[in-house]
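A.B. asks: Next up is a structure, given as structure tokens.
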Amino acid sequence: MIEVRDICIGDGLPKVCVSITGENRETIINEAEGIMLKKPDIVEWRFDCAKEYNYAIVEDILMNLRAVLRETPLLFTFRTVKEGGMRSISVESYKKLYETVASTGLVDFIDVEGISNGETAQAIIKDIKDNGVKVITSYHDFDKTPSKDELREILDTLESKGGDIVKLAVMPHDFEDVKNLIDVTKEYKDNTNKDIISMSMSELGMISRVCGKADGSCVTFASVIKASAPGQVPIKDMKKYLKNIEEFDDSKNMFLIGFMGTGKTTISNILGILTGMKVYDMDEEIVKKAGMSINDIFEKFGENHFRDIETEVVCELSKKEGAIISCGGGAVLRSENVEYMRNNGNIFLLRATPETVYERVKDSKDRPILNEDMSIDHISALMNKRRDIYEECANVKVDTDDLSAFEVAMEIIGKSKK
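Throughout the sequence shown, residue numbering follows the numbering used here, covering 779 to 1196 in sequence.
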């Protein structure tokens, strides 16, 4: 936990930082004034985005920024090209720049690239800290997400440089990459109780920017004028997301229902990451209980037998506390299943049009009731049969057609306040 000016980093919700990326003095100051209207917790000046480049200009602009920011903490960053920035710079010039900035007394944090600066990073960090400035020791990879073991090694290296906060920003190629970063972040925080900032970039990694309450990441980055990195969301949305997560009621079970293809499994997993609640997939639990696949259950014993097993599983899962349960498409067809769910939780209906469902499931071979007729007409007919049941039993209803899985999850959280 670090106290700087009027904020305490590492205490409560992640602090929201917005970056200034202007190219000249006028646009830099104008951006700062616009950003301050949105009340960020921290403001970052990305000096590598500026076209004017000399030490005299730096100090002059810092003085102007300090006047605009008043008591809002200022983070100074020169992101090099090799870590996704706008400029190349020699290690010697990088060191001199940071020595100059630290000595002004006008900044509160400086971001130091801990890996790309090699052994010099430690000397740079020591000089900055000797001037009373906090250091964020960072690593950025805009191409990939290293493996879990590699991420752990990077964190160990960053920590060894002697800064105050370590930072990881990486590019995911799939959701597993995002989850790996979140897992390693939580592991680091739990094991060391030291401050860490982490983010998985791009829209795919958006979840990592708001899950600080769950994984321990203490600062998140949002946009006002324009995003300084892929996946940043506007500060207004970021503040709403963080507030909704803080006010989220995790005391009741959450049953996600809806026709196949509405995103129940994906959204349940995202909700689990954001809230820290345990996630159960009803179909997976049925397979465990039956000892065979759902397709095999249908083929060997028929749908009624499948529904009997499903009811047993609903009864068992409804006894859990603080769990997220992704239900099979037909789980609410039996009234007794609905009663089990209502007795210990809320029911969330995910809705989608037949066209959307078709696009999501058309290549699937694990949908027994569609295997013989994978068509929009058949899907529409089945949805019409179930629509009234779905609508009647749900506490909360969310249309998913025009929303990403992340946006659906955030809408559910926003409708589940204490």
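Backbone N, C-alpha and C fix where the C-beta goes; we use that ideal spot for every residue, glycine too.
(1) Which same chain residues end up closer than 7 Å to T882 when comparing Cβ atoms and leaving out the 5 residues on each side of it in sequence?
(2) Determine the contact status of F721 and L1034, defining contact as a CB-CB distance below 7 Å.
(3) For R824, which three-state DSSP category applies?
(4) How big is the Cα-Cα spacing for S916 and I1087?
(5) Going by CA-CA distance only, name the one from C1171, A1101, D1074, C1105 that's closest to T1089.
(6) What do you get for L884, buried or exposed, if any count of 16 or more other CB atoms within 10 angstroms of its CB means buried?
(7) The ligand FMN and E870: does the residue's C-beta get closer than 6 Å to at least one heavy atom of that ligand?
(8) Could you name the residues of the same chain whose beta carbon sits closer than 6 Å to that of K816, not counting the 5 residues immediately before and after it, in chain order?
(9) Quick one: using the 10 Å Cβ neighbour count with 16 as the cut-off for buried, is R848 buried or exposed?
(10) Is the beta carbon of D1028 less than 7 Å from the beta carbon of M1055?
(11) Given a cut-off of 7 Å on the beta-carbon distance, is the pair Y966 and V988 in contact?
(12) So M1119 packs on V1092, CB below 8 Å; how close in whole Å?
(13) With three or more C-beta pairs closer than 8 Å as the rule, is the segment 1074–1085 touching the segment 1159–1174?
(14) To the nearest angstrom, how far is it from the Cα of E822 to the Cα of G800?
(15) How is M1038 classed by DSSP in three states: helix, strand or coil?
(16) For the alpha helix (DSSP H) containing R990, list its first residue and its last residue.
(17) On the DSSP bridge assignment, give the partners of F1184 in chain order.
(18) Helix, strand or coil for S1194? Go by DSSP, reduced to three states.
(19) So, with DSSP's three-state summary, where would you put F953?
C.D. replies: Taking the definition as stated:
(1) E837, L840
(2) One cannot answer for residue 721 here, as it falls past the ends of the chain, which runs 779 to 1196.
(3) strand
(4) 51 Å
(5) C1105
(6) buried
(7) Judged by which ligands are present, the structure shown has none, so any question about the ligand FMN falls away.
(8) V1002, I1013
(9) exposed
(10) yes
(11) no
(12) 7 Å
(13) no
(14) 11 Å
(15) coil
(16) Here residue 990 turns out to be Gly, not Arg, going by the sequence shown. Start and end: 990–993.
(17) For F1184, which the question treats as bridged, DSSP gives no partner whatsoever.
(18) coil
(19) helix
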